[in-house]
Amino acid sequence: MLALWSLLLPLAGLAGLVHAKSSSGDSVLVVLEPGLPKEDFSVFFSNLKEQGYDLTFRAPKEVTPKVIEDDIPAFAHVILFAPESKAYAADITPQSLVTLLSEKTNLLVAVGPKTTPLTSLASEFSLILPTPNTPLISHFPKRDTPATVIPIEVASNSLLTAGTPPVWFSGVSYALGNNPLLVPILAAPAESFASDSTEDSGADALVDASEKGGEGLWAGSATSVVTGFQTKDGSRVTWVGSVTLFSDEFAHKALPNGKASGNEQFAKDVAAWTFQEKSVLRIESVSHHHVNGTSTPDFYTTNDEIVYSVKVSKYDPKTSSWKPCTCRSDIQLEFTMLDPHVRTTLVADPSDPGSYTASFRAPDRHGVFKFVIDYKRKGWSSLQSSTTVPVVPPRHDGYPRFLSAAWPYYAGAISTSVGFVVFSALFLAGDVRDVKKGKGLKHE
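Per mature numbering (1 follows the signal peptide of the UniProt record, and there is no 0): the sequence shown = residues -20 to -1, 1 to 424.
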């Protein structure tokens, strides 16, 4: 019996280790171009399998397994490594990919210098690609690789592991539109530019275009090579300008200084954010009550003191569970009726991890109000909550009996009343006295 337990315990531990870390599922469809052997990306795919993801492979033109059937996604995540494919099966179209995002399926898309349906779809996500066949080029730093194979420094980013070494890149860059849903991850080097030639013969044209501010110039760190996009529904898509960034060749290729590249770690971080392992928040519960109460009332009265609380959780990929979030300090609450009447910051409650509270006075205006949380930050999943509550005027017996500001009016009314009574008494008394005197004289 003990021997049996000694065998089962390691198996149970192994089962816990292979549990996927994603908050949205562990099934992954990899659409791999026929010209790209699966073995060339063994490091990237092995890391995904070690994290518990279930990978399924198919070619762009294959019809099974289907990505979506009867408007229901068959996979939680889709990886599109087909930068040169111009023809896809009927279930992989720009429209179907948008449908997948609306159904909260995450996408990892690699594009290339050639025009394909994927590059056409990129423009719908505010990505502005250069003209076809114009890869990113840089002659710096000095190295023994072609000008199209560039080591890119990884800037500090909350989505990436701190201290990640530079990564090798060979592909296309793109400019970013003004869409607030874009999440820049890796920018192109400042000295890089997009060109159809690796020679310096077109340098004068580049200088002229930069001086004129030409729209056709893709150069410098203003362009990007890896960019995320988070939809309003919470799904994520990451656009990568090179499929070779995930390759074994670049993962094992040494940098010009002789150190190991950061491609493997960078690819893991990109996949972790795309598959919703990182920076995932959700609201567990909300509550509101009077300052000295605990129960939620059906309505509030104008000028009531109100306490609002919300509990926020953050997904922990290490334990595959939701834990109280204590890392946010800029969550705001709005008390609105068409327009916000109150806007205040929710403060973390040290006695209750994950709980954020705010106290405020209801406005001196009755109507139907809403407690609204609309938290949106780049790279983080959004938090949205709306609770409707009426605010009514006080009852007839709810007003104060006397107002200190009205004492002059009270004094005027009282003095007028007293004066009237005194005058009436004097007038009546004087009239009676005159009648009595008249009667006495006539009698005599």
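Note that the Cβ used here is the ideal one computed from N, Cα and C, for glycine as well.
Assuming K84 contacts S215 (C-beta within less than 8 angstroms), just tell me the rounded distance between them.
-> Locating residue 84 in the sequence shown gives position 104, counting from the first residue. Locating residue 215 in the sequence shown gives position 235, counting from the first residue. With a Cβ gap of about 5 angstroms, K84 and S215 count as contacting.
For the beta strand (DSSP E) that D34 lies in, which residues bound it at each end?
-> Taking the first residue of the sequence shown as 1, we reach residue 34 at position 54. D34 to R38 is the span of the beta strand (DSSP E), which, as asked, contains D34.
Simplified DSSP assignment, three categories, for H270 | The residue you call residue 270 lines up with position 290 of the sequence shown. In this structure, H270 counts as strand in the three-state DSSP scheme.
Same chain, Cβ closer than 7 angstroms to Q364, neighbours up to 5 away in sequence not counted = On the sequence shown, residue 364 is found 384 positions in, with the first residue counted as 1. Only I353 and D354 meet the Cβ criterion.
Just to confirm, are V401 and P370 a CB contact at a threshold of 9 angstroms?
-> Start at 1 with the first residue of the sequence shown, and residue 401 comes out as number 421. Start at 1 with the first residue of the sequence shown, and residue 370 comes out as number 390. Cβ distance not < 9 angstroms, so V401 and P370 don't count as in contact.
P97 - containing beta strand (DSSP E), residue span | Indexing the sequence shown from 1 puts residue 97 at position 117. Careful: P97 lies outside any beta strand (DSSP E), inside the alpha helix (DSSP H) at P97 to A102.
Hey, would you say P110 sits closer than 9 angstroms to K94, going by beta carbons?
-> As a position in the sequence shown, residue 110 is number 130, starting the count at 1. As a position in the sequence shown, residue 94 is number 114, starting the count at 1. No, the pair does not count as a contact, with Cβ atoms beyond the cut-off.
What distance in whole Å lies between the Cβ atoms of V292 and I263, which are believed to be in contact at a cut-off of 8 angstroms?
-> Translated into positions along the sequence shown, residue 263 becomes position 283. Translated into positions along the sequence shown, residue 292 becomes position 312. That belief holds up - the Cβ atoms of I263 and V292 are roughly 6 angstroms apart, short of 8 angstroms.
H232 in three-state terms, based on DSSP | Here residue 232 refers to the residue found at position 252 of the sequence shown. Residue state, collapsed to three classes: helix.
Excluding the 5 residues preceding and the 5 following N243 in the sequence, name in chain order all residues of the same chain whose CB lies nearer than 7 angstroms to its CB.
-> Position 263 of the sequence shown, counted from the first residue, corresponds to residue 243. Cβ-Cβ distances below 7 angstroms link N243 to V147, W148, L225, F230 and A231 in the same chain, with the five nearest sequence neighbours on each side left out; the list follows chain order.
Taking all protein chains shown into account, decide if A127 is buried (16 or more other Cβ within 10 angstroms of its Cβ) or exposed.
-> Along the sequence shown, one-based indexing puts residue 127 at 147. Buried: at least 16 other Cβ atoms inside 10 Å.
Pairing CB atoms from the region 63 to 71 with CB atoms from the region 43 to 51, are three or more of them under 8 angstroms?
-> yes
State buried or exposed for C307, treating a residue as buried only when at least 16 other CB atoms are found within 10 Å of its CB.
-> The residue labelled residue 307 in the question sits at position 327 within the sequence shown. Exposed is the call here.
Can you give the beta carbon distance from D329 to V23, rounded, assuming they're within the 8 angstroms contact cut?
-> Here residue 329 refers to the residue found at position 349 of the sequence shown. Here residue 23 refers to the residue found at position 43 of the sequence shown. Not really, about 44 angstroms apart at Cβ, beyond 8 angstroms.
Just mark S397 as buried or exposed, buried being the case when its beta carbon has 16 or more other beta carbons within 10 Å.
-> Taking the sequence shown and counting its residues from 1, one reaches residue 397 at position 417. Counting Cβ neighbours within 10 Å, S397 comes out exposed, since fewer than 16 surround it.
Evaluate G221 with the Cβ neighbour count: other Cβ atoms within 10 Å of its Cβ, from every protein chain shown; 16 or more gives buried, anything less gives exposed.
-> In the sequence shown, counting from the first residue as 1, residue 221 sits at position 241. Counting Cβ neighbours within 10 Å, G221 comes out buried, since at least 16 surround it.
Local Cβ density within 10 Å of T99, reported as buried at 16 or more and exposed below that | Indexing the sequence shown from 1 puts residue 99 at position 119. Buried: at least 16 other Cβ atoms inside 10 Å.
Limits of the unbroken beta strand (DSSP E) element including N86 | In the sequence shown, counting from the first residue as 1, residue 86 sits at position 106. Taken as a continuous stretch (DSSP letters only), the beta strand (DSSP E) holding N86 covers N86 to A90.
Local conformation of K192 per DSSP, three classes | Taking the first residue of the sequence shown as 1, we reach residue 192 at position 212. Only weak support exists for where K192 lies, its pLDDT of 49 falling under 50; the value from the coordinates is given anyway. K192: helix per DSSP, three-state reduction.
Compute the Euclidean distance between the alpha carbons of A170 and A199, then round it to the nearest angstrom.
-> Position 190 of the sequence shown, counted from the start, is the residue given in the question as residue 170. Position 219 of the sequence shown, counted from the start, is the residue given in the question as residue 199. The straight-line gap from Cα to Cα measures roughly 7 angstroms.
Could you check where the alpha helix (DSSP H) with K29 kicks off and where it finishes?
-> Here residue 29 is taken as the residue at index 49 of the sequence shown, counted from 1. Start and end: S22 to E30.
When DSSP builds the beta bridges, which residues end up paired with S365?
-> Counting from 1 along the sequence shown, the entry for residue 365 is found at position 385. Bridge partners of S365: I353.
Hey, E13 and F61: beta-carbon distance below 9 angstroms or not?
-> Taking the first residue of the sequence shown as 1, we reach residue 13 at position 33. Taking the first residue of the sequence shown as 1, we reach residue 61 at position 81. Yes; because the gap between Cβ atoms is below 9 angstroms, this pair is in contact.
Answer yes if the region 256 to 274 comes into contact with the region 311 to 328, meaning at least three C-beta pairs across the two stretches below 8 angstroms, and no otherwise.
-> No: fewer than three Cβ pairs fall under 8 angstroms.
Can you tell me where the alpha helix (DSSP H) with A167 in it begins and where it stops?
-> Position 187 of the sequence shown, counting from 1, holds the residue named residue 167. Segment L162 to A167 is the beta strand (DSSP E) holding A167; no alpha helix (DSSP H) there.
Apart from the five residues on each side of it in sequence, which residues of its chain come closer than 7 angstroms, Cβ to Cβ, to K350?
-> As a first step, residue 350 must be located in the sequence shown, where it is residue number 370. In chain order, T316, S366, T367 and T368 place their CB closer than 7 angstroms to the CB of K350, counting only its own chain and leaving out the 5 sequence neighbours on each side.
Hey, V152 and A174: beta-carbon distance below 9 angstroms or not?
-> Along the sequence shown, read from residue 1 onward, the residue named residue 152 stands at position 172. Along the sequence shown, read from residue 1 onward, the residue named residue 174 stands at position 194. Result yes, Cβ atoms of V152 and A174 sit closer than 9 angstroms.
Member of G208, Y336 and Q245 whose CA lies at the smallest distance from the CA of A90 = The residue you call residue 90 lines up with position 110 of the sequence shown. For A90, the nearest C-alpha among the options comes from G208.
Give me the Cβ distance between A39 and S2, rounded to the nearest whole Å; I'm assuming they're in contact under 8 angstroms.
-> For the purposes of this step, residue 39 is taken as the residue at position 59 of the sequence shown. For the purposes of this step, residue 2 is taken as the residue at position 22 of the sequence shown. Not a contact, Cβ separation roughly 25 angstroms.
Coarse secondary structure for A342, derived from DSSP in three states = For the purposes of this step, residue 342 is identified with residue 362 of the sequence shown, where counting begins at 1. In this structure, A342 counts as coil in the three-state DSSP scheme.
Out of V217, F25, P63 and S201, point me to the one whose CA is closest to S82's CA.
-> Within the sequence shown, residue 82 is the residue found at index 102, counting from 1. For the residues V217, F25, P63 and S201, the minimum Cα distance to S82 belongs to V217.
N86: buried (16+ other C-beta within 10 angstroms of its C-beta) or exposed?
-> On the sequence shown, position 106 is the one that residue 86 refers to. When all chains shown are included, N86 counts as buried.
Just to confirm, are L235 and V290 a CB contact at a threshold of 9 angstroms?
-> To locate residue 235, count along the sequence shown from 1; it is residue 255. To locate residue 290, count along the sequence shown from 1; it is residue 310. Against a cut-off of 9 angstroms, the Cβ pair of V290 and L235 comes out as no contact.
Beta-bridge partners of V147, as assigned by DSSP | Within the sequence shown, residue 147 is the residue found at index 167, counting from 1. Looking at the DSSP assignment, V147 forms a beta bridge with I132.
Same chain, Cβ closer than 7 angstroms to D344, five either side skipped, listed in chain order | Here residue 344 is taken as the residue at index 364 of the sequence shown, counted from 1. Within the same chain, Cβ atoms closer than 7 angstroms to the Cβ of D344 are found at T282 and N283, the five residues on either side in sequence being excluded.
Just the Cα atoms here: how many angstroms apart are Y280 and A342?
-> Position 300 of the sequence shown, counted from the first residue, corresponds to residue 280. Position 362 of the sequence shown, counted from the first residue, corresponds to residue 342. The alpha-carbon separation between Y280 and A342 amounts to approximately 8 angstroms.
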